[in-house]
Every structure is written in structure tokens, then in C-alpha cells.
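Under the working numbering, the first residue of the sequence shown carries the number 61, and numbering increases by one thereafter. Every residue, glycine too, gets a C-beta built ideally from N, C-alpha and C. The structure under discussion appears below in the form of C-alpha cells.
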Amino acid sequence: MIVADLSQGLWQGMIHKFASWWVVLGLIGQLLFASRFVLQWVASERKGRSVIPVPFWYLSIGGSAILLIYSIHIADPVFILANILNSFIYIRNLMLIGKEKRASREA
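Below, the structure written as C-alpha cells:
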């Protein structure tokens, strides 16, 4: 009986937590961020070699931005720092890809 009461309380607590829009936002950010690996895997399988398609970087930026907003809300300094730094790397990669495309068009 005690176990059943604890279990019921645990589930109610989890349901209450998942009902929060902030948790839903965090989950969306994490799903967006994780989907980039599925995209990369599919693109690599199609090419028969390891590739990182351009949409990978956009998914990275979108997921990281949403996770940054969520991490600021929960006030997690480790999570905040990780997502701020990652965004610079993703944006820089897009800048390098753009530079390479412009150079190949001019050649």
C-alpha cells in the first residue's frame, strides 16, 4: 500500500512537471538538437561516407537557442555556458560554408 501511494505521488509529480510549458519548451529544444544527428546519419548513409549537411548547423543553432532559453529559466550556469559557446561555433561553421560557396562561384 505504501509503495502504491509513493508510486502514485511520483507519477502525479512527473505529470505536473511535464505540464509546465517550460519543460515542453526544453523537450522541444532537446528533440530539435538531437534530430541533427539523425539528419547527419541519413545524409552520410546516402553519400556512403561521413558528411555534415548544412541543415545540421541550422538544427544545432535552433536547438541550442531553445535550450539556452530553457537553461536561463532554470538558472543552470553549466547549461547556459555550454549553449552560449556552442552557438558561436555553429554560426562560425555556417560563415565558413558561405565563404567556401562564394569562392567556388567566383572561380
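**Report entry** C-alpha gap between Ser80 and Tyr118, whole angstroms
**Finding:** In the sequence shown, the residue the question calls residue 80 occupies position 20. In the sequence shown, the residue the question calls residue 118 occupies position 58. Taking C-alpha positions only, Ser80 is separated from Tyr118 by approximately 26 Å.
Report task. Determine the DSSP secondary structure at Ala135, reduced to helix, strand or coil. Result -> Along the sequence shown, read from residue 1 onward, the residue named residue 135 stands at position 75. It is coil, neither helix nor strand.
Query - Other residues of its chain near Asn143: CB distance less than 7 Å, five sequence neighbours each side excluded - result: In the sequence shown, the residue the question calls residue 143 occupies position 83. Excluding sequence neighbours, Asn143 sits near Ser124, Leu127, Leu128, Ser131.
Query raised in the report: Less than 7 Å separating the beta-carbons of Ala104 and Tyr150?
Result: Translated into positions along the sequence shown, residue 104 becomes position 44. Translated into positions along the sequence shown, residue 150 becomes position 90. Residue identity check: residue 104 is Ser in the sequence provided, not Ala. At a Cβ-Cβ threshold of 7 Å, Ser104 and Tyr150 do not count as neighbours.
Requested in this report: Use the C-beta contact count for Gly89: other C-beta atoms within 10 angstroms, 16 or more gives buried, fewer gives exposed.
Outcome: Stepping through the sequence shown from its first residue, residue 89 is reached at position 29. It is buried - the Cβ of Gly89 has at least 16 other Cβ atoms within 10 Å.
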